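Novice: Below are the C-alpha cells for one structure; questions will follow.
Number of protein chains: 2
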Amino acid sequence: MSAADEMTHGADKPWGEVSPEAARKLLVAAVEAFAERGYHATTTRDIAGRAGMSPAALYIHYKTKEELLHRISRIGHDRALEILEAAAEGPGSAAERLDGAVRRFVRWHAERHTTARVVQYELDALSDEHRTEIVELRRRTDAAVRRILNDGVKAGEFDVPDVPGTTLAVLSLCIDVARWFNAQGRRTPDEVGELYAGLVLRMVAAQK
Amino acid sequence: MSAADEMTHGADKPWGEVSPEAARKLLVAAVEAFAERGYHATTTRDIAGRAGMSPAALYIHYKTKEELLHRISRIGHDRALEILEAAAEGPGSAAERLDGAVRRFVRWHAERHTTARVVQYELDALSDEHRTEIVELRRRTDAAVRRILNDGVKAGEFDVPDVPGTTLAVLSLCIDVARWFNAQGRRTPDEVGELYAGLVLRMVAAQK
Chain U
133 MSAADEMTHG ADKPWGEVSP EAARKLLVAA VEAFAERGYH ATTTRDIAGR
183 AGMSPAALYI HYKTKEELLH RISRIGHDRA LEILEAAAEG PGSAAERLDG
233 AVRRFVRWHA ERHTTARVVQ YELDALSDEH RTEIVELRRR TDAAVRRILN
283 DGVKAGEFDV PDVPGTTLAV LSLCIDVARW FNAQGRRTPD EVGELYAGLV
333 LRMVAAQK
Chain V
133 MSAADEMTHG ADKPWGEVSP EAARKLLVAA VEAFAERGYH ATTTRDIAGR
183 AGMSPAALYI HYKTKEELLH RISRIGHDRA LEILEAAAEG PGSAAERLDG
233 AVRRFVRWHA ERHTTARVVQ YELDALSDEH RTEIVELRRR TDAAVRRILN
283 DGVKAGEFDV PDVPGTTLAV LSLCIDVARW FNAQGRRTPD EVGELYAGLV
333 LRMVAAQK
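So the protein lines, in turn, are chains U and V.
Each step along the first sequence adds one to the number in the numbering used here, with nothing skipped, and position 182 is 314.
Each step along the second sequence adds one to the number in the numbering used here, with nothing skipped, and position 91 is 223.
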C-alpha cells in the first residue's frame, strides 16, 4: 500500500488536515519518497516531481525538506497520542481500555505503515527544536498507556511488576507492526489488532 | 554506541569473521554511514573516507555498495539464526528454552542496535538474489521460535491459540529493541532481556 493509497482509502482520511490540496499532495509525495529512498537521499526536487509540481511551487508551501518531515512526524504523532489518550480516558475497565488502545494503535500502524516507518525511522533528521517537540508528544503517548496499566494494578485487575518496562514493551510491539506489516499478507489490520490485544492482556496478567 | 564500539566491546567480537583487517574496517564504516544517513544517501567514497582509505582500496574488497550491505545483512542474520536455533535445539523444558532464546536475542539487538537497524531497515536495498537469500534465513529464524512454541503446546507447558501469530509477535518485540534501545538509557541489555523473557512467558501462558 503506497502513501497515496493510505491517504485515499484510510477510514479517517489521513492528511485530511492538510490544505490546500497542493500542500497535501506534496506531503503524500514526501512520505513515499522518504520511505523508498530515505530522508537524506531525497531532494525537494524529487518530491515536487513526484507530486507533478515544480520546485518553485513546493517552496510556496514548505520552505525546507525538514519542514515536510516535521509536518509528517507531527501529524503522525498527534494521531497516535489522540488514539491512546482517548483509550486512557474512555469508559470501561482497565482491561477494556487496554484492549481498545492496542487494537486501534495496531490498526493505525498496519494501515499507515509507510507513514509510520518514516515517522519512526527519521526522527534523527529533525531539527533540535522539532525533535524536542516530538519527544514531548512521545512522553505523553507513553504516559497514556502507563495510566491504563496503573489503573489496572490499583483496581486489582492486572499484575504488573514493572509498569514502565511493560508500557515500553506494549508500545514497541504495536509500533513494530509498521515494519513487518504487508498489505498483501495473511492478516488484516483488524486481525493483527485482535491477536495483539489478546497477547497484551496476557502480558499484564489481566483477570478474565 | 557506535558500530566501532559494537565491534570493540562486544562480548563475541562482531565482524570478527571478516578478514583481512581492511575489509573489517570498511564494514564497520559502512554500518555507521548507513545508520546515520541511510543506504541510498551513502556513497562508497563516504565509506572509504570514514575508514581512512581511498575508494580504490575499497574496491579491492567490495565491488559495490550493495555487496557491503549484503555482507552486513548476511552476518547479522546468520548470528540471529544461530542464537535462535541453539535455543530451539538446546536442553531444558520449552519454557527454559524460550526464556533463553528471548534473553539472548534481545541482548543481541540491544548491544548491536546500530547494526540491527541497518539489517532491518535496508532490506529493500538488497539485490533480488540477495534478498531471496536473506528471506530464507528469516524463514528459518521464524521456524526456530515456532518449534519451541509447538514443543511447549505439545508438552502441555504453554497455552497458545495462534502459534504463527505469537511467533511473529515474539520476534517483533525482540527486533524492535534495536529501534528504541539507548546505551545511555536506564536499562542494560541484560535487564531488557530479563523483562522481555518474563513478558513472553506470559504471552504463551507458561506454567510456573
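Beta carbons are placed, not taken as given, at the ideal position from N, Cα and C, and that holds for glycine.
Since this is a predicted model, take the numbers as computed values, not measurements.
Within 9 Å of any Cβ in chain V, is that where the Cβ of Gln339 of chain U sits?
Specialist: Not closer than 9 Å to any Cβ of chain V, the Cβ of Gln339 of chain U fails to qualify, so no.
Novice: Should Pro293 of chain V be labelled buried (16 or more other beta-carbon atoms within 10 Å of its own) or exposed?
Specialist: Exposed.
Novice: Give a yes or no on whether the minimum CB-CB distance between Val250 of chain U and chain V is below 9 Å.
Specialist: By this cut-off, Val250 of chain U is not an interface position.
Novice: Residues in the same chain with beta-carbon distance under 8 Å from Ala337 of chain V, minus the five sequence neighbours each way, listed in chain order, please.
Specialist: Once the five neighbours on either side are set aside, the close Cβ partners of Ala337 of chain V are Phe290, Asp291, Val292.
Novice: What is the residue span of the alpha helix (DSSP H) that Gly297 of chain U lies within?
Specialist: Gly297 of chain U -> alpha helix (DSSP H) spans 295-307.
Novice: By Cβ distance, which residues of its chain are closer than 6 Å to Ile92 of chain V, with the 5 residues on each side in sequence left out?
Specialist: An answer regarding residue 92 of chain V cannot be provided, because it is not within the stretch 133 to 340 covered by chain V.
Novice: At what residues does the alpha helix (DSSP H) containing His202 of chain U begin and finish?
Specialist: Here the alpha helix (DSSP H) through His202 of chain U covers 197-221.
Novice: Taking the straight line between their C-alpha atoms, what separation do you get for Arg270 of chain V and Leu216 of chain V?
Specialist: Going by the C-alpha atoms only, they are around 11 Å apart.
Novice: I need the DSSP call for Met335 of chain U, collapsed to helix, strand or coil.
Specialist: Met335 of chain U: helix per DSSP, three-state reduction.
Novice: Distance check for Gly297 of chain V and Glu199 of chain U, CA to CA, integer angstroms please.
Specialist: Cα to Cα, the separation comes out at about 38 Å.
Novice: Give me the chain U residues within the contact set of Asp308 of chain V, using Cβ-Cβ distance strictly less than 8 Å, ordered along the chain.
Specialist: Simply Ser304, Leu305, Ile307, Asp308, Arg311.
Novice: Taking 6 Å as the limit between beta carbons, can you name the residues of its chain near Gly325 of chain V, skipping five residues before and five after?
Specialist: Excluding sequence neighbours, Gly325 of chain V sits near Arg235, Val238, Arg239.
Novice: Check distances from the C-beta atoms of the region 155-189 of chain V to those of chain U and list, in chain order, the residues that come in under 9 Å.
Specialist: For the region 155-189 of chain V, which is checked against every Cβ of chain U, the residues closer than 9 Å are Glu168, Arg169, Gly170, Tyr171, His172, Ala173, Thr174.
Novice: Alpha carbon to alpha carbon, how far is Leu333 of chain V from Arg156 of chain U?
Specialist: Whole-angstrom Cα-Cα distance: 45 Å.
Novice: Just to confirm my understanding: we take Asn282 of chain U, look at its own chain, exclude 5 residues before and 5 after, and list those with CB closer than 8 Å. What are they?
Specialist: So the list reads Val295, once near-sequence residues are dropped.
Novice: For Ala275 of chain V, which residues in chain U fall below 9 Å Cβ to Cβ?
Specialist: Those do not exist, as Ala275 of chain V stays about 16 Å from chain U at its closest Cβ, beyond 9 Å.
Novice: Select from V:Arg177, V:Ala276, V:Ile280, V:Ile207 the residue whose C-alpha is nearest the C-alpha of Lys195 of chain V.
Specialist: Ranking the options by Cα distance to Lys195 of chain V, first place goes to V:Arg177.
Novice: Output the distance between the C-alpha atoms of Ala161 of chain V and Glu254 of chain U, rounded to the nearest integer angstrom.
Specialist: Rounded to the nearest angstrom, the two C-alpha atoms are 20 Å apart.
Novice: Please compile the residues from chain V whose C-beta is within a distance smaller than 7 Å of the C-beta of Asp294 of chain U.
Specialist: Here the neighbours are Leu327.
Novice: Out of U:Arg244, U:Ala212, U:Gly148, U:Gly288, state which residue places its alpha-carbon closest to the alpha-carbon of Ala167 of chain U.
Specialist: Closest by alpha carbon: U:Arg244.
Novice: If you count every other CB in all the chains shown that lies within 10 Å of the CB of Tyr191 of chain V, and 16 or more means buried, which is it?
Specialist: Looking at its Cβ environment, which holds fewer than 16 other Cβ atoms inside 10 Å, Tyr191 of chain V is exposed.
Novice: Using the Cα positions of Leu258 of chain U and Thr320 of chain U, report the straight-line distance between them to the nearest angstrom.
Specialist: Each residue's alpha carbon lies about 32 Å from the other.
Novice: Quick check on Thr140 of chain U: does DSSP put it in helix, strand or coil?
Specialist: In this prediction, Thr140 of chain U has a pLDDT of 44, which is less than 50 and means its spatial position is unreliable; nothing more can be read from the coordinates.
Novice: Val150 of chain V to Pro187 of chain U, Cα distance in whole Å?
Specialist: If I take the Cα positions, the gap works out to 45 Å.
Novice: Run through chain U and tell me which residues come within less than 8 Å of Ala301 of chain V, C-beta to C-beta.
Specialist: Here the neighbours are Leu305, Leu327, Tyr328, Leu331.
Novice: Between the alpha carbons of Leu230 of chain U and Arg278 of chain U, how many angstroms are there, rounded?
Specialist: Using only the alpha carbons, I get a separation of about 10 Å.
Novice: Quick check for students: name the residue ranges of the alpha helix (DSSP H) that lie wholly in the region 235-300 of chain U, counting only runs of 4 or more.
Specialist: Those alpha helix (DSSP H) runs which fall completely within the region 235-300 of chain U and span 4+ residues are 245-253, 260-286.
Novice: Compare the C-beta of Thr264 of chain V with all C-beta atoms of chain U and state if any pair is closer than 9 Å.
Specialist: No, Thr264 of chain V does not count as interfacial toward chain U.
Novice: Return the CA-CA distance between Gln252 of chain U and Arg249 of chain V, expressed in angstroms with no decimal places.
Specialist: One C-alpha to the other measures close to 12 Å.
Novice: So with CB distances below 7 Å, who are the chain V contacts of Gly297 of chain U?
Specialist: Leu327, listed in chain order.
Novice: Please confirm whether Arg235 of chain V has its beta-carbon closer than 9 Å to some beta-carbon of chain U.
Specialist: No - not a single Cβ of chain U is within 9 Å of the one on Arg235 of chain V.
Novice: Find the nearest neighbour of Gly284 of chain V within the set V:Trp147, V:Ser225, V:Arg182, judged by alpha-carbon distance.
Specialist: Gly284 of chain V has its Cα closest to that of V:Ser225, out of V:Trp147, V:Ser225, V:Arg182.
Novice: Just the chain V side, please: which residues come within less than 7 Å of Arg271 of chain U by C-beta, in chain order?
Specialist: Those within 7 Å of Arg271 of chain U in chain V number zero; the least Cβ separation is about 13 Å.
Novice: Can you find a C-beta in chain U that's less than 9 Å from the C-beta of Arg279 of chain V?
Specialist: Judged by the 9 Å Cβ criterion, Arg279 of chain V is not in contact with chain U.
Novice: Going by Cα to Cα distance, which pick from V:Lys286, V:Tyr328, V:Glu261 is closest to Ser304 of chain U?
Specialist: Closest option to Ser304 of chain U, Cα to Cα, is V:Tyr328.
Novice: Specify, as a first and last residue, the run of the alpha helix (DSSP H) that Gly224 of chain U falls within.
Specialist: First-last for Gly224 of chain U: undefined, no H or E at that position.
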